[in-house]
Amino acid sequence: MKRVAAAVALSLALGLPAARPVRGQDPTAHPPGSPAAAAQPDTGAATGVLFEQESLYHYLRVTEHGSVRRLQFRRSGDEFEESAINVANPLQFEMSYYPLMLAAFAHQPAPRSILFIGLGGGTLPRAIRHYFPQAQIDTVELDPAVAAVAKDYFGFQEDPRMKVYIRDGRVQVRRFVRAQKRYDIIFLDAFRGGYIPYHLTTKEFAESLVELLPPNGIVVNNLRPGFESYHYPRRTLAAVFPNQWSYGSVGNVIVVSDRQAKPPDQATLLATARQLQQEKRFTVDLPAIVANGSMQNDYQRAGPILTDDYAPTDVLRDIPRD
Numbered sequence: 001m002k003r004v005a006a007a008v009a010l011s012l013a014l015g016l017p018a019a020r021p022v023r024g025q026d027p028t029a030h031p032p033g034s035p036a037a038a039a040q041p042d043t044g045a046a047t048g049v050l051f052e053q054e055s056l057y058h059y060l061r062v063t064e065h066g067s068v069r070r071l072q073f074r075r076s077g078d079e080f081e082e083s084a085i086n087v088a089n090p091l092q093f094e095m096s097y098y099p100l101m102l103a104a105f106a107h108q109p110a111p112r113s114i115l116f117i118g119l120g121g122g123t124l125p126r127a128i129r130h131y132f133p134q135a136q137i138d139t140v141e142l143d144p145a146v147a148a149v150a151k152d153y154f155g156f157q158e159d160p161r162m163k164v165y166i167r168d169g170r171v172q173v174r175r176f177v178r179a180q181k182r183y184d185i186i187f188l189d190a191f192r193g194g195y196i197p198y199h200l201t202t203k204e205f206a207e208s209l210v211e212l213l214p215p216n217g218i219v220v221n222n223l224r225p226g227f228e229s230y231h232y233p234r235r236t237l238a239a240v241f242p243n244q245w246s247y248g249s250v251g252n253v254i255v256v257s258d259r260q261a262k263p264p265d266q267a268t269l270l271a272t273a274r275q276l277q278q279e280k281r282f283t284v285d286l287p288a289i290v291a292n293g294s295m296q297n298d299y300q301r302a303g304p305i306l307t308d309d310y311a312p313t314d315v316l317r318d319i320p321r322d
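When you line the sequence shown up against our numbering, it's residues 1 to 322, in that order.
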């Protein structure tokens with residue numbers, strides 16, 4: 001009973017809205033092996049559609065399956081999972097790459113300012129706010145409908161230390177550069193139906209991010225292995241950031257990049273992760289995640305990079321790697 005009460009209290013503390021009435025059952029069964037079908041937990045309960053809308057940029061759908069609420073984008077007949085939250089325990093991550101993103105804090109354990117490109121349901125920014133309440137967290141989201149869904153269905157709330165900018169990520173980055181803003185951590189997690197918009201993958205964009213970083217700042221990319229499109233951004237990042245660590249190997253690979261002259265070794269990162277785990281009491285095992293990280297080259301180093309004149313990521317995304 002105490003655990004249930006604690007979960008309810010945590011949901012309220014994180015601003016999670018109560019479950020809304022289900023409009024009806026999902027009228028479209030997910031085809032076997034589709035992105036959404038693979039991500040849905042098998043609890044035996046029917047999936048309810050809480051909300052769906054076609055915005056200027058996406059076809060949005062919010063579903064609730066047991067205690068898990070998900071934001072999906074539809075593209076080419078598939079439902080791509082963009083965000084998820086456990087309404088009973090918002091800090092219990094329901095997407096496998098969320099814990100991997102926390103590896104960033106072994107590299108930058110005391111961030112004062114954090115930037116997200118891509119909001120989704122706002123699950124990760126809100127969780128990070130819980131663990132690092134003193135940090136200023138800015139998020140850039142292209143689609144105002146996505147921001148509205150994050151607030152209405154996923155409990156995301158803006159305040160003086162948690163702000164959303166409704167604008168294209170690259171355009172807003174240029175504005176931040178002109179304003180001379182600095183971010184200790186920049187998370188890149190913007191997807192449009194399974195692929196990253198090309199203008200957020202190029203060398204020119206990566207170079208603009210450098211202008212927002214202090215000397216020890218880091219950039220964190222959420223990438224998908226198993227496709228040719230994985231190797232292109234890895235090579236592109238390497239052309240701008242000499243140091244890269246990768247976390248994860250299946251489904252998502254989180255790449256942490258920096259330009260430090262003396263990057264931390266794994267022993268230092270692991271010691272930092274252990275200290276943070278003790279202080280923050282993460283719901284995930286941060287030391288284990290960091291211990292499995294690697295500076296090895298898990299990508300094809302030879303080949304072209306992505307530039308503003310050459311970035312066919314929407315095509316390469318669908319080419320399986322041999």
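Built from N, CA and C at the ideal position, the CB exists for glycine as well. Just so we're clear, the structure is a prediction, and the values are computed from it rather than from any experiment.
Nearest-angstrom Cα distance between K280 and Y310?
43 Å
Rounded to the nearest angstrom, what separates Q72 and L269 at their Cα positions?
34 Å
Runs of alpha helix (DSSP H) lying entirely within the region 189 to 262, each at least 4 residues, in chain order
203 to 210 and 228 to 240
Element boundaries [beta strand (DSSP E), containing Y57]:
No beta strand (DSSP E) holds Y57; DSSP gives it neither H nor E.
Within 8 Å, strictly: CB atoms of P197 and A190:
yes
With a cut-off of 8 Å, do at least 3 Cβ pairs link the region 105 to 116 to the region 53 to 62?
no
Is the region 236 to 254 in contact with the region 217 to 227, if contact means three or more CB pairs nearer than 8 Å?
yes
What residue range does the alpha helix (DSSP H) around L306 cover?
It is not in any alpha helix (DSSP H) - L306 carries neither H nor E in the DSSP assignment.
With a Cβ-Cβ cutoff of 8 Å, do Y247 and L212 count as a contact?
no
DSSP three-state assignment for A46, whether helix, strand or coil
With a pLDDT of only 43 at A46, under the threshold of 50, the placement of this residue in the model should not be trusted; the figure read from the coordinates follows. Coil.
Let me confirm a value: G303 is counted as buried when at least 16 other C-beta atoms fall within 10 Å, else exposed. Which label applies?
exposed
Could you check if L100 is buried or exposed, using at least 16 other CB atoms within 10 Å of its CB as the buried criterion?
buried
Quick one: Cα of A239 to Cα of A104, how far?
20 Å
Check each candidate in Q92, E228, G194 and R178 and name the one with the smallest Cα separation from L306.
E228
Distance, Cα to Cα, L276 vs G155?
26 Å
Determine contact between the region 255 to 265 and the region 88 to 99, defined as no fewer than three beta-carbon pairs at a distance below 8 Å.
no
At the level of alpha carbons, what is the spacing between Q90 and Y195?
The sequence given here has Pro at residue 90, not Gln. P90 and Y195: Cα-Cα distance of roughly 26 Å.
Rounding to the nearest angstrom, what Cα-Cα distance links R192 and H130 in this structure?
27 Å
Residues near R274 in its chain [Cβ-Cβ closer than 6 Å; skip 5 each side]
P287
Which runs of the beta strand (DSSP E), 3 residues or longer, sit entirely within the region 58 to 84?
59 to 65 and 68 to 75
Count the other CB atoms within 10 Å of the CB of P312; is the residue buried (16 or more) or exposed (fewer)?
exposed
If we ignore side chains and look at the alpha-carbon of each, how far apart do A295 and A106 end up?
Note that residue 295 corresponds to Met in the displayed sequence, not to Ala. Their backbone Cα atoms lie some 14 Å apart in a straight line.
N243 to Y299, Cα distance in whole Å?
14 Å
Can you list the beta strand (DSSP E) stretches of 3 or more residues lying completely in the region 108 to 180, in chain order?
113 to 117, 136 to 141 and 162 to 166
Assign F105 to one of three DSSP states: helix, strand, or coil.
helix
Would you kindly report the start and end of the unbroken alpha helix (DSSP H) that includes R274?
Q266 to K280
T283 and Q92: beta carbons closer than 8 Å?
yes
Figure out for me which residue from G217, T202 and A84 has the closest Cα to the Cα of R235.
T202
Tell whether a beta-carbon distance below 8 Å holds between I289 and L124.
no
Give a yes or no on whether the C-beta atoms belonging to E82 and G122 are separated by under 8 Å.
no
Quick one: grab the DSSP three-state call for Y310.
strand
Quick check on S257: buried or exposed, where buried means 16 or more other Cβ atoms within 10 Å of its Cβ?
buried
CB contact flag (V173, L209, <8 Å):
yes
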